[in-house]
Amino acid sequence: MLLLLICMLTKTSVFSQSDKYVKAMEDKLAQVEKTGTADGWKDLANSFERIADVEKAQWLPYYYAAFSRVMGGYMLGNGQAGGFADKTDPEADKADELINKALSLSGENSEIWCVRKMIATLRMSADPMSRWQTFGPVAAEALQKAKQMDPANPRVYLLEGQDKFYTPEQFGGSKSEAKALFEEALKKFESFKPASSIHPAWGASQARFFLAQIQ
Amino acid sequence: MSKWILVLAMALVTGLLKAQVTISGRVLDQKNKPVSGVSVGLRDSYDGATSDSLGNYRFTTSERGKKILEASSIGFRSFELELDIQGLSIQQDIILREEISELKAVVISAGTFEASDRKKATVLNPIDIVTTASGNGDVTGALKSLPGAQQVGESEGLFVRGGTAQETRTYIDGTLVNNFFYSSVPNIAQRGRFSPFIFKGTIFSTGGYSALYGQALSSALILESIDIPEQTSANIGVTMLSLSAGYQHLAKNKQSSFGLNYGYSDLTLAFAIIKQRQEYQQVPVYHNADANFRIRTSKTGILKYYGTFSTNELSFFQPSIDTPGYKSGFGISNLNTYHNLSWRENLGKKWKMNAGISYTYNKDKIRSGLYTMDKQPVVVDGLAFRNFYQERQGNYANAKLVLERRLAGLTMIRVGGEYNYSDDRSDYTTWNGIVFPFQAKEHIKAAFAETDIYLTNDLAAKIGGRYEHSSLLNRQSIAPRLSLAYKTGKNGQASVAYGVFYQNPDIRYLTGSADFNFAKATHYIAQYQRVTSLQTFRAEVFYKKYDDLIKTKFNGALEAASGTDGYGDAKGFEFFWRDKQTIKNLDYWISYSYLDTKRDFLNFPSVTQPNFATRHTASLVLKKFVTKLKMNINGAYNFATGRPYYYIMFNPQSGKNEFVDKGRTIDYHNLSFSLNYLPSIGKKDAKMFAVYVLSVSNVFNFYQEYGYEYSYNGYRKQAIVPPSRVFVFLGAFLSFGVDRTDDAINNNL
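So the sequence lines, in the order shown, correspond to chains A and B. Heads up, the first sequence is in my numbering, so the first residue is 1 and it goes up one at a time. Heads up, the second sequence is in my numbering, so the first residue is 1 and it goes up one at a time.
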């Protein structure tokens, strides 16, 4: 009986190890939707990275750490037209390092290319005048790769829509094309089923936010 | 029994759910300032927190025993400390040490302007070189609007801080370039031979440069050519001066590329529209072919070749200043070929190699003399020396190897050697057919070593030395170089530089067998600069001392060196302010230079302010991109106070050279304007990228004079003025490329 109990307890603790991981990830992921400041994203990025450093076989914590770094980077440059490369380039470098770690664990997938696209866009936005020629194509290529690997990934359309939304019309931007893409993203979100509770599922609220801006 | 089990189970469960312990503290840097955004946590555990704006962190953990507390943040070395966690809260402050990183470290910048996109503290972007209105699309044009350079319009080259154009040397991918400009034509500045579009980085040093560069007394212009292009493309250029076409091929695996370009320039059309002072017999015609290849030799290595082959000719007449009723004629034809091969590679983890070799062959045929009004060559009594024919040939080779070893952080050492070969020949034929042949071969061997030492992010030093041996002079020199930079605040830094620089005397004058020395310049520079991403301010003071400058005498037919006992100095201060922030969408810079210089060299009778230097020089450069119009609008205003002019004649009575006349030109004003229209910008699916350029120099038709020229006897003088007051340039550059986004799309469909 005692043996059984100990067995059970040990078994629970084995389970709890992975439960603990999922639980910790779910806790942090709950914050993803609520975070809106550079400091908040940095805190999240740090948390995901700490998890990643423990769960060395999991790609998701590294993926989210990279994602949070980029999001924080966008916040740092918010509202300015370039001129913040000194602040955002180190964040982009760090995000690159993290996404490469994720890649080495998961192999190439659509989500990783989405983050790569976001990193390239962050780099470009820091100094658009002199960087669009270099990082514009890098971002576009990454997005194409993401689409090629999973045409059903709603985030591909969200990111494409953001490009159209933020690019001045003279440079090929278009609010109406952006709108169509956000709508497409939302449609894809409806049928999108993440592989688990902690697999990437973010973006629907962003798409709705941008749509509200257009209408 | 069941009670026991319950107790045991309870004990086990409580054991698993141990009480939480709080770990908290502050994160500070070495200067005791709080650091925010730092990830603090326990190794092998999720537990941790991020420090807030006051540097405070706090987290709870159920871990017990000896654990490692870790802290990490971008720009700092990671911190670890063993904690013994018992049941009690732990208060632990953390001191982070700054990582010495390129992004944060002080930049050794005294005397240097850099245009590149690699580093943070650059004053210019590569694109600035071609979008500065007064630059006329020439590599050195834009640099003339920076402090330190003079507004010399009658001849090519960069006249830096009281130095001649010969005192500025140009290096492409590490190796010395000869004949960087098209061969000189009297009183008409020639353009550079190289298109600004083949360079991705430009470093313009107005003094105090590294021991890697030698044979330049005043200034080094260090150009780095582009690496593998991003796409395969073809391009066509149509301008009122030229036609050009090129093809650049990128291998499928993107590991190599090659390209070919050909350009033909003919100024007939331009000169028909814009009247020239000179009466051209042969309007300038240029043929220029170039080829390149670039091969990635490893993840970090690249082998690059760039070569050109060009010819050009021109000839013109103008009224003779020596004698009315005659024309003075000048004609030149030139053949030039240049080849540069460079190889950059990481050798293992610590060593880096930069190797380069370049070769130049240049041939000029120059005919000058007096002509009758109906353009028949004529020998006029007493002016026969005006008629001559000269054939000049030069063979130049330069090889350089630099090995760099990274020590801790950014600290590194560089060692290397350089070999420079030149063979100059000239046959000077006087009016009566007497040929004065001249040949000088020179081998300069150099060895150099330098170290960049970063003591902290705030303090850095560059210490170097250069040894040179000249076979022609049979002399050797050792030139010490030293720079220090100290960061005074987040964006501000102060730097100083000292260096000794040697250069061979101008080889053209070395006809005799006298004992000559290297010309020597000693630079002292102090600088303060404040740089943010959008604004740059810098102020520099300098003192430069010249020794052993060449002195010349007229030996009947030609001017020849009599010794190297000339000397001089230059001192001054300079300001530069660039601002992209204050006025939305407007980027402007202002530069000002004050220069006080005097020298005794060449045929000068005494120490005097040379005719290529003025006291005050200032520039205002404006750039605005109008998104709606897809247009870059650029303006530039250049100002310089008048320069001295003089006529020096040999007085047979005193047996000395004398100034027979002296004066000062009027102040120089130039307002230039250019428009770049880029209709295809932002069109992702565009197969063609077009740039249309319109530029106008001296928009307000100011009268400009660069100096005065004299009749042989000094009785008559006339102002040297630009060939035309206003110059207009119109061109279209089309590039047809499959850009990478299309590649990506096509491969996926």
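The beta-carbon is built from N, C-alpha and C at its ideal position, and this holds for glycine as well.
Asked: I want to see whether chain B comes within less than 7 Å of A/GLY217, judged by CB atoms only; does it?; Found: Residue 217 of chain A lies beyond the range of chain A shown here (1 to 215); nothing can be said about it.
Asked: Against B/ASN125, what residues of chain A qualify as contacts under a CB-to-CB distance less than 7 Å, listed in chain order?; Found: SER130
Asked: Which residue wins for smallest C-alpha separation from B/ASN178, given the options B/GLY394, B/ILE23 and B/LEU243?; Found: B/GLY394
Asked: On the criterion of 16 or more Cβ atoms from any shown chain inside 10 Å, does B/VAL27 qualify as buried, or is it exposed?; Found: buried
Asked: Exposed or buried, A/GLU55, counting other C-beta atoms within 10 Å across all chains shown (16 or more means buried)?; Found: buried
Asked: What residue from B/ALA519, B/TYR524 and B/TRP577 has the CA that sits closest to B/THR532's CA?; Found: B/TRP577
Asked: Use the C-beta contact count for A/MET8: other C-beta atoms within 10 angstroms, 16 or more gives buried, fewer gives exposed.; Found: With a pLDDT of 47 at A/MET8, under the threshold of 50, the modelled position of this residue cannot be trusted; read the value that follows with caution. Under this definition A/MET8 is an exposed residue.
Asked: What does B/THR511 touch in chain A if you count any residue whose Cβ is under 7 Å from its own?; Found: Residues of chain A passing the Cβ test: none, with the nearest at roughly 50 Å.
Asked: Could you pull the start and end residues of the beta strand (DSSP E) that B/ASP52 belongs to?; Found: From DSSP, B/ASP52 is part of no beta strand (DSSP E); its letter is neither H nor E.
Asked: Closer than 7 Å, CB to CB, is A/ILE99 near chain B or not?; Found: no
Asked: Do we get a CB-CB distance below 7 Å when we pair A/LYS28 with the residues of chain B?; Found: no
Asked: Determine contact between the region 178 to 192 of chain B and the region 585 to 602 of chain B, defined as no fewer than three beta-carbon pairs at a distance below 8 Å.; Found: no
Asked: Once DSSP output is grouped into helix, strand and coil, what is the label at B/SER205?; Found: strand
Asked: Report the rounded CA-to-CA distance for B/LEU407 versus B/LYS462, giving the unit in angstroms.; Found: 14 Å
Asked: Alpha carbon to alpha carbon, what distance is there between B/ARG414 and B/THR175?; Found: 16 Å
Asked: For B/ILE198, which of helix, strand or coil comes out of DSSP?; Found: helix
Asked: For a contact meaning CB atoms closer than 7 Å, what does A/GLN170 contact in chain D?; Found: This model lacks chain D altogether, as its protein chains are A and B.
Asked: So is B/LEU534 in contact with chain A if we call contact Cβ pairs under 7 Å?; Found: yes
Asked: Take the Cβ of B/LYS487 as the centre, count every other Cβ of all protein chains shown within 10 Å, and call the residue buried at 16 or more, exposed below.; Found: buried
Asked: Could you tell me the alpha carbon to alpha carbon distance between A/GLU184 and A/PRO154, rounded to whole angstroms?; Found: 8 Å
Asked: State the Cα-Cα distance for the pair B/ALA570 and A/ALA65, rounded to the nearest angstrom.; Found: 57 Å
Asked: For B/TYR827 versus B/PHE316, is the C-beta distance shorter than 7 Å?; Found: It is not possible to answer for residue 827 of chain B, since the shown part of chain B is limited to 1 through 749.
Asked: Assuming A/PHE210 is part of the alpha helix (DSSP H), what are its boundary residues?; Found: 204 to 214
Asked: Can you list, in chain order, the residues of the region 575 to 594 of chain B whose Cβ is nearer than 9 Å to any Cβ on chain A?; Found: LYS580, GLN581, LYS584, ASN585 and ASP587
Asked: By the 10 Å Cβ neighbour count, where 16 or more other Cβ atoms means buried, how is B/GLY572 classified, buried or exposed?; Found: buried
Asked: Give the residues of chain A in contact with B/ASP44, contact being defined as C-beta atoms less than 9 Å apart.; Found: ASP53 and VAL54
Asked: Distance cutoff 7 Å, beta carbons only. Does B/THR758 sit that close to anything in chain A?; Found: Nothing in the structure corresponds to residue 758 of chain B, since chain B is present only between 1 and 749.
Asked: Out of B/GLY731, B/PHE639 and B/TYR703, which one is the CA nearest neighbour of B/GLN150?; Found: B/PHE639
Asked: Using a beta-carbon distance below 7 Å, is A/PRO151 in contact with chain B?; Found: no
Asked: Tell me the rounded alpha-carbon separation between B/LEU303 and B/TYR419.; Found: 20 Å
Asked: Report all residues from its chain with a CB closer than 7 Å to the CB of B/VAL500; omit the five preceding and five following residues, and keep chain order.; Found: ALA479, PRO480, LYS520 and THR522
Asked: For a contact defined as C-beta to C-beta under 9 Å, what are the partners of B/SER109 on chain A?; Found: Neighbours of B/SER109 on chain A: none; closest Cβ ~16 Å, over 9 Å.
Asked: Closer than 9 Å between beta carbons: that is the criterion. Which residues of the region 220 to 239 of chain B meet it against chain A?; Found: GLU230 and GLN231
Asked: Against chain B, with Cβ distances strictly below 7 Å, would A/PRO90 count as a contact?; Found: yes
Asked: For chain B, find out if any of its Cβ atoms is closer than 7 Å to the Cβ of A/ARG50; answer yes or no.; Found: yes
Asked: Where DSSP assigns a beta bridge to B/SER672, which residues make up the other side?; Found: B/ALA636
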